[in-house]
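Novice: Just add 618 to the spot in the sequence shown (first one is 1) and you have my numbering. The beta-carbon is built from N, C-alpha and C at its ideal position, and this holds for glycine as well. These numbers come from a predicted model, not from an experiment.
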Amino acid sequence: MKTYSPQSAPHARAATRRRSRLFVAIACGVSLGATLFATHALSADPGAMAKTGTAFKADADMQAVLDELALLGGKPIETLSPEEARKQPSPTDAVMSLLKKKGKDTSPAALVPGVTSVDREIQGAMGNIPARIYTPDGAGPFPVVVYFHGGGWVLADKQVYDGGARGLSKQAQAVVVSVDYRLAPEAKFPASWDDALASYKWAIANAASIKGDSKRMALAGESAGGNLALSTAIAVRDAGLTAPTHVLAVYPVGQTGNLDTKSYQDSKTAKPLNKAMIGWFVDKLLAKPEDKMNPRLDIVNAKLAGLPPVTIINAQIDPLREDGALLETALKKAGVKVQRKVYSGVTHEFFGMAATVKKAADAQMMGGKVLRDSFKTIAMK
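The following block contains the structure:
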């Protein structure tokens with residue numbers, strides 16, 4: 619397989635991703651019931667640990683996705699090369715497999731009616747990068763949300779995270795620009811961050827051409843993309859650009875210097891994201907260890923004063939759960955308006971699973987509402 623590098627044409631990158639069925643995803647390559655996990659002090663249900671790798675029990679619909687993911691037979695991400703890891707089945711693959719087994723229509727129009735999308739290239743920091751633009755039905759102009767996918771800055775793309783971005787477009791009644799920023803290790807830190815800021819600038823400059831309103835801008839992202847959304851808000855503040863009305867950060871990476879928080883312990887072997895995978899991502903991302911403390915990555919210790927309101931969505935069964943708590947505390951200390959909700963019984967990656975997981979649909983509705991409300995504040999001025 620041809621490997622994408624920062625010097626390759628964007629089309630080569632897109633082709634590589636189409637072949638690879640990317641993503642973040644299998645914490646272990648055996649069936650969910652095959653591994654016994656060490657008992658944690660919080661555990662009241664050993665059976666729950668055998669299924670999820672944590673002290674917490676997954677909801678039935680969430681567990682169905684985890685079981686289906688295990689049946690797809692992926693290998694442990696942390697044991698693979700990036701090229702191999704990008705070929706592993708993703709949680710999105712598991713959702714689609716479940717829907718097909720139930721005889722459901724898996725077309726985008728059936729899963730999220732009232733939203734259309736088009737793939738195109740937009741301006742990144744070092745040239746054009748791929749993006750997918752989602753537009754709700756109607757004349758517009760609509761608010762614009764610049765959205766960043768997850769995958770540890772190493773894996774995944776706009777297709778893997780289609781469910782979350784498409785759902786937000788419908789729930790927020792906004793144009794969503796989902797960005798395929800450059801990935802490590804081909805493009806080390808801070809390439810992804812540079813592309814994220816460049817894509818926000820592009821969205822402001824080109825909003826009218828995509829039925830958008832450049833005065834009503836927002837940022838959103840999942841996991842690594844949640845970190846990019848927050849970091850971009852900081853960069854926008856510092857550059858004096860049109861400020862986003864809101865930042866929606868879904869199970870964001872808040873820092874990578876401490877992988878021993880409470881959730882890193884109680885969800886150490888969780889699925890589909892575990893502690894070992896985070897270490898693997900960081901190793902591929904950074905050119906030098908001290909970059910862990912760079913404020914663009916270490917958001918918890920960045921200068922946060924003056925940011926727009928932030929909403930943090932976390933999953934209970936997730937090593938990154940406490941990163942959300944750390945961010946909430948840091949934002950409040952800086953005087954930033956912030957709200958945070960932890961959804962019990964679900965795992966990392968649940969947000970895009972609205973077609974099969976009820977709490978994912980609930981979370982998308984919550985995210986859409988906070989964004990809609992933020993856009994109204996601009997409209998009233």
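#1: Whether or not the region 866-882 and the region 913-932 are in contact is what I'm after, with contact meaning three or more pairs of Cβ atoms, one per stretch, closer than 8 Å; do they touch?
#2: Using only the alpha-carbon positions, how far apart do residue 703 and residue 724 sit?
#3: If contacts are defined as beta-carbon pairs under 8 Å, then residue 985 and residue 789 qualify, I think. What distance do you get, rounded to the angstrom?
#4: With DSSP run on the structure shown, which of helix, strand or coil describes residue 761?
#5: Which partner residues of residue 967 appear in the DSSP bridge assignment?
#6: Hey, could you find the ends of the beta strand (DSSP E) residue 932 is sitting in?
#7: Evaluate residue 902 with the Cβ neighbour count: other Cβ atoms within 10 Å of its Cβ, from every protein chain shown; 16 or more gives buried, anything less gives exposed.
#8: Restricting to Cα atoms, I'd like to know which of 893, 924, 987 is closest to residue 849.
#9: Thinking just about the alpha-carbon of each residue, which of 965, 758, 711 is nearest to the one in residue 831?
#10: Is residue 674 helix, strand or coil when you go by DSSP?
#11: Have a look at residue 947 and residue 840 and give me their C-alpha separation to the nearest angstrom.
#12: For residue 589, tell me which candidate among 694, 746, 900, 713 has the shortest Cα-Cα distance.
#13: Applying the criterion that 16 or more other CB atoms from any shown protein chain within 10 Å of the CB defines a buried residue, is residue 748 buried or exposed?
#14: Please identify the residue among 874, 761, 687, 823 whose C-alpha is closest to the C-alpha of residue 940.
#15: When burial is assigned at 16 or more other CB atoms within 10 Å of the CB, is residue 913 buried or exposed?
#16: Taking 7 Å as the limit between beta carbons, can you name the residues of its chain near residue 732, skipping five residues before and five after?
#17: Does DSSP put residue 876 in a helix, a strand or coil?
#18: By DSSP, does residue 1010 sit in helix, in strand, or in coil?
#19: Identify, in the order they occur along the chain, each residue of the same chain with its Cβ nearer than 6 Å to the Cβ of residue 952, setting aside the five sequence neighbours on each side.
Specialist: With the structure as the only source:
#1: yes
#2: Residue numbering aside, residue 703 sits at position 85 when the sequence shown is read from its first letter. Residue numbering aside, residue 724 sits at position 106 when the sequence shown is read from its first letter. If I take the Cα positions, the gap works out to 25 Å.
#3: Taking the sequence shown and counting its residues from 1, one reaches residue 985 at position 367. Taking the sequence shown and counting its residues from 1, one reaches residue 789 at position 171. Rounded, the Cβ-Cβ distance is 7 Å, consistent with contact.
#4: On the sequence shown, residue 761 is found 143 positions in, with the first residue counted as 1. Of the three classes helix, strand and coil, the one that applies to residue 761 here is strand, per DSSP.
#5: Sequence index remark: in the sequence shown, residue 967 carries index 349 (1-based). According to DSSP, which records beta bridges pairwise, residue 967 is partnered with nothing at all.
#6: In the sequence shown, the residue the question calls residue 932 occupies position 314. 928-935 is the span of the beta strand (DSSP E), which, as asked, contains residue 932.
#7: As a working note, residue 902 is residue 284 in the sequence shown. When all chains shown are included, residue 902 counts as buried.
#8: As a first step, residue 849 is located in the sequence shown; it is residue number 231 there, counting from the start. Checking every option, the nearest Cα to that of residue 849 belongs to 924.
#9: Within the sequence shown, numbered from 1, the residue matching residue 831 stands at position 213. Here the closest residue by C-alpha is 758.
#10: Position 56 of the sequence shown, counting from 1, holds the residue named residue 674. Looking at residue 674 - three-state DSSP - the assignment turns out to be coil, as it is neither helix nor strand.
#11: One-based indexing of the sequence shown puts residue 947 at position 329. One-based indexing of the sequence shown puts residue 840 at position 222. Going from the Cα of residue 947 to the Cα of residue 840 covers about 19 Å.
#12: The chain is shown only over 619 to 999; residue 589 falls outside these bounds and no answer can be derived.
#13: Here residue 748 refers to the residue found at position 130 of the sequence shown. Burial call: buried.
#14: Here the question's residue 940 lines up with position 322 in the sequence shown. Considering only alpha carbons, the answer is 874.
#15: Here residue 913 is taken as the residue at index 295 of the sequence shown, counted from 1. Per the 10 Å Cβ criterion, exposed.
#16: Counting from one through the sequence shown, the residue named residue 732 turns up at place 114. These residues qualify, in order along the chain: 754, 755, 788.
#17: As a position in the sequence shown, residue 876 is number 258, starting the count at 1. Reduced to three states, the DSSP call for residue 876 is coil.
#18: Outside the modelled stretch of the chain, which goes from 619 to 999, sits residue 1010, for which no answer is possible.
#19: Taking the first residue of the sequence shown as position 1, residue 952 is located at position 334. Taking C-beta separations shorter than 6 Å and ignoring five residues to either side along the sequence, the partners of residue 952 in its chain run 922, 923, following chain order.
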